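Protein chains in written order, with the numbering used here: chain A, 1012 to 1170; chain B, 594 to 1261.
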């Protein structure tokens, strides 16, 4: 399976979820907020933690750990919400996800990105990853935010 | 802004204006058809200009198919403007043209390709019509013996540019010379003349059309206009002499008129009157002043009674301005109902003709304003009701005369403000509802028990039942059985009401009452576990103690008996998956009305009643079954607004609305 191309800039916002490092295209990131408890949204998949109010906008928040098939971790002092722009077809949505801690902004060369391995196609992060970047000794799983947040309606039916 | 963005913005404006123009043209054409020739030059001028602008815009944006058709239509209209009679055939062909233009523009906006040559037949038909009318005109003139043998008469259109007089030219001189050449039928087009206050003495806003005898030579005409060459739009053409019979034979049969496209309000752009924006600016100005006034009071000094007083004053000013601002913004989203009403004359015209009925439509209160969203959803129900009136209500002319009524039936559609709602009343002077037949049909369909004797009002309401239709034969017009129940549901979705009354032999009146806005509702805040939810206040009937009520299990849930009614109960916390750790000892049962029947919602506590601003969950997420949206409370927390109708449907799916024997219930 050919890997979808990663963003042209190659700047990643990286963060830690369950001890592993992940990154998203920095141009998709709208803001990073401290943790505030979302209002639980009924009748939605478990990984949707609820919605928060961002300057009058109702923004859904997903738990990336649960989305990746990992165990939910207690909210700690470094827990933050990363707010991103997600595009579904021609509709753009603002959504947020919960991560354990921020790392930094990493510039990566295009050739440092390897396509995601085929073997774990269905498991956790693999289906949502667009590649793995190798920077020095670190391995960063690059997430495709559009696939982290599928169309909620379709997802609700599947759940 | 990039060039592409600028062009796409212009393109949007072109589409918006074109659709508006087509609506105007359609209205004018219908007037033309009704008045049989006796229409003012203004109407024809407006019609001409609407099509002309579309042609111009389409040319600029390269929508060639539209340009071609618009040009053919414009030519026909130009003749009419020049005095040629407006024939019924011509009007029909032009109406078809309007539909075609609308379809082509719709396709273009959606990015779909327009088949080349799609309008060739129509264009040919329009051209043939033109020749036919020109021939007729020539015949008429020949009868007057006002034209010289041989050469046909000249048709001259002289439209000077606004700055013509600033160049030292005087149209009076030209007109005098034309008069000397024997000009007749001179018509001045005054539609461009501004109001008196804005009149500029040096600007020329007039245009003329006139007829000259065929004996005048082209050179003579060129001489007259030699000085204004390039400063005016000038058309000189000879009226063509073609046999009328021949032209009519060449005209292809008119294709059936397509249903007019829905109101072009689906786009994201909003055309707002400058006055509304100015009002908004004023309000924001007030807000800024209040803010700076309060800002001055914000220092670390002691809170003297004087300062507290001034802070209070500032806050009350702030509250007043905020409310005014809110009202103006609501008004910004509103549009006159005339936009939707504009579709109706066409429907009455087309349907009446097809059914062989003579029907007039009278519209009132077109300037009444409603929220755009309400307006968009109002169109289909309104058309449905009007169609019903035409199909079932109004009788054929023969039947009407036999009943002692004028042969022409009337459908009246009127909009008016009634408090915080807008009422839209659709009435006809037809035969009224056939109550015995409705009852018989309802019994046959099993909607009513065979031995029941419902009240007349209740019988009338049966036409809103799903799948109900008395039409013996399913017609193209109505009678598919998906009519009035859809109307009922749409209006309910808009939080509106439908009422109906009918007098046999005298007519039927349907009233739709709709809320002014969908953006703000009166809400009752309720506590469920540790969360706050909002119930629309309008749907609440009463609230009773829950735990002390006799109840029994029915299907998958509980029902209670409240006075003489069996009410299904929804345990909201369980339905919405809310942790019940913080449940109250004395829960309450809120009885709400959903689609005409009560259901009970179990809540832990009633909190405040307040106005809430509805925020869509679909903007950033998607529809959540059971929720109508979300709102932000005073403390910045999000609260969800319950969708009572969806919750009630859940209950009905579990089969809890069938009446259990009430004896059982008492025993329970």
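Quick reminder that beta carbons are idealized off the backbone N, C-alpha and C, glycines included. Computed from a predicted structure; not experimentally measured.
Give me, in chain order, the residues of the same chain whose beta-carbon lies closer than 7 Å to that of residue i; leave out the 5 immediate sequence neighbours on both sides.
i	result
residue 673 (chain B)	637 and 679
residue 879 (chain B)	914
residue 705 (chain B)	none
residue 630 (chain B)	Confidence is the limiting factor: at residue 630 (chain B) the pLDDT is only 49, short of 50, which leaves the residue's position unreliable and the question unanswerable from this model.
residue 671 (chain B)	641
residue 1236 (chain B)	1219, 1220 and 1221
residue 852 (chain B)	Low confidence applies here, because residue 852 (chain B) scores a pLDDT of 35, under 50, leaving its location unreliable; read the following figure in that light. Nothing listed; no residue qualifies.
residue 825 (chain B)	751, 752, 753, 754 and 757
Given that residue i touches chain C, what residues does it touch there, using C-beta distances under 7 Å?
i	result
residue 1057 (chain B)	Reference to chain C is not applicable here, since the protein chains of this structure are A and B.
On the DSSP letters alone, give me the boundaries of the beta strand (DSSP E) that residue i sits inside.
i	result
residue 801 (chain B)	800-805
residue 1060 (chain A)	1059-1065
residue 928 (chain B)	927-929
residue 1082 (chain A)	From DSSP, residue 1082 (chain A) is part of no beta strand (DSSP E); its letter is neither H nor E.
residue 1099 (chain A)	1091-1099
residue 638 (chain B)	Segment 634-654 is the alpha helix (DSSP H) holding residue 638 (chain B); no beta strand (DSSP E) there.
residue 1049 (chain A)	Run containing residue 1049 (chain A): none; DSSP gives neither H nor E here.
residue 1034 (chain A)	1031-1036
Can you tell me the Cα-Cα spacing of residue i and residue j, whole angstroms?
i	j	result
residue 1006 (chain B)	residue 936 (chain B)	12 Å
residue 1217 (chain B)	residue 623 (chain B)	45 Å
residue 1009 (chain B)	residue 882 (chain B)	36 Å
residue 838 (chain B)	residue 1082 (chain B)	Here the model assigns residue 838 (chain B) a pLDDT of 37, short of 50, so the residue's position is not dependable and the matter cannot be decided.
residue 718 (chain B)	residue 725 (chain B)	10 Å
residue 747 (chain B)	residue 1094 (chain B)	60 Å
residue 1155 (chain B)	residue 1140 (chain B)	13 Å
residue 1048 (chain A)	residue 1114 (chain B)	26 Å
residue 965 (chain B)	residue 924 (chain B)	10 Å
residue 1151 (chain A)	residue 1023 (chain A)	9 Å
residue 751 (chain B)	residue 764 (chain B)	10 Å
residue 1046 (chain A)	residue 1063 (chain A)	10 Å
residue 1057 (chain A)	residue 1077 (chain A)	8 Å
residue 1163 (chain B)	residue 1054 (chain A)	15 Å
residue 1131 (chain B)	residue 1086 (chain B)	13 Å
residue 850 (chain B)	residue 689 (chain B)	Confidence in residue 850 (chain B) is poor, its pLDDT being 36 and thus under 50, which makes the residue's placement unreliable; the coordinate value appears in the next sentence. C-alpha separation (whole angstroms): 6 Å.
residue 1161 (chain A)	residue 1074 (chain A)	14 Å
residue 1079 (chain B)	residue 974 (chain B)	7 Å
Residue i lies in the alpha helix (DSSP H); which residues open and close that run?
i	result
residue 1010 (chain B)	It is not in any alpha helix (DSSP H) - residue 1010 (chain B) instead sits in the beta strand (DSSP E) that spans 1002-1011.
residue 1083 (chain B)	1077-1086
residue 1203 (chain B)	Run containing residue 1203 (chain B): none in the alpha helix (DSSP H); it sits in the beta strand (DSSP E), 1198-1206.
residue 664 (chain B)	657-674
residue 1245 (chain B)	1237-1246
residue 877 (chain B)	867-889
residue 786 (chain B)	Per DSSP, residue 786 (chain B) belongs to no alpha helix (DSSP H) and is neither H nor E.
Leaving out five residues on either side along the sequence, give the residues of the same chain with a beta carbon under 8 Å from the beta carbon of residue i.
i	result
residue 1035 (chain B)	1041, 1052, 1055, 1058 and 1061
residue 1121 (chain B)	1165, 1166, 1169, 1171, 1196 and 1197
residue 676 (chain B)	730, 778, 780, 802 and 804
Can you tell me whether residue i is buried or exposed, with buried defined as 16 or more other CB within 10 angstroms of its CB?
i	result
residue 986 (chain B)	buried
residue 1117 (chain B)	buried
residue 740 (chain B)	With a pLDDT of only 40 at residue 740 (chain B), under 50, the local geometry of the prediction cannot be trusted, and no value is derived from it.
residue 1072 (chain A)	buried
residue 1140 (chain A)	buried
residue 1127 (chain A)	buried
residue 994 (chain B)	exposed
residue 666 (chain B)	buried
residue 999 (chain B)	exposed
residue 927 (chain B)	buried
residue 1061 (chain A)	buried
residue 1157 (chain A)	buried
residue 1229 (chain B)	exposed
residue 842 (chain B)	Unreliable positioning characterises residue 842 (chain B) in this predicted model, as indicated by a pLDDT of 37, which lies under 50. The coordinate reading is nonetheless provided below. Residue 842 (chain B) should be labelled exposed.
residue 1116 (chain A)	exposed
Kindly list the residues whose CB is nearer than 6 Å to the CB of residue i, restricted to its own chain and excluding five residues on each side of it in sequence; keep chain order.
i	result
residue 938 (chain B)	623 and 954
residue 911 (chain B)	883
- May I ask you to verify whether the region 1098-1110 of chain B touches the region 1146-1155 of chain B, counting CB pairs closer than 8 Å and requiring at least 3? no
- Query: So, do the region 654-668 of chain B and the region 794-804 of chain B have three or more beta carbon pairs nearer to each other than 8 Å?
  - Reply: No, the region 654-668 of chain B is not in contact with the region 794-804 of chain B.
- Item | Validate contact between the region 1141-1150 of chain A and the region 1114-1129 of chain A using beta carbons, cut 8 Å, 3 pairs | yes
- the region 905-921 of chain B touching the region 943-956 of chain B, judged by at least three CB pairs closer than 8 Å: no
- Touch check for the region 1089-1109 of chain A and the region 1208-1217 of chain B: three-plus C-beta pairs under 8 Å? The region 1089-1109 of chain A makes contact with the region 1208-1217 of chain B: 3 or more CB pairs, one atom from each, lie closer than 8 Å.
- Evaluate contact between the region 639-646 of chain B and the region 607-623 of chain B, counting only Cβ atoms and requiring at least three cross-stretch pairs below 8 Å. yes
- Item | Cβ contact (3+ pairs, closer than 8 Å) linking the region 895-906 of chain B and the region 938-947 of chain B | Here the region 895-906 of chain B makes no contact with the region 938-947 of chain B; the two share fewer than three CB pairs at distances below 8 Å.
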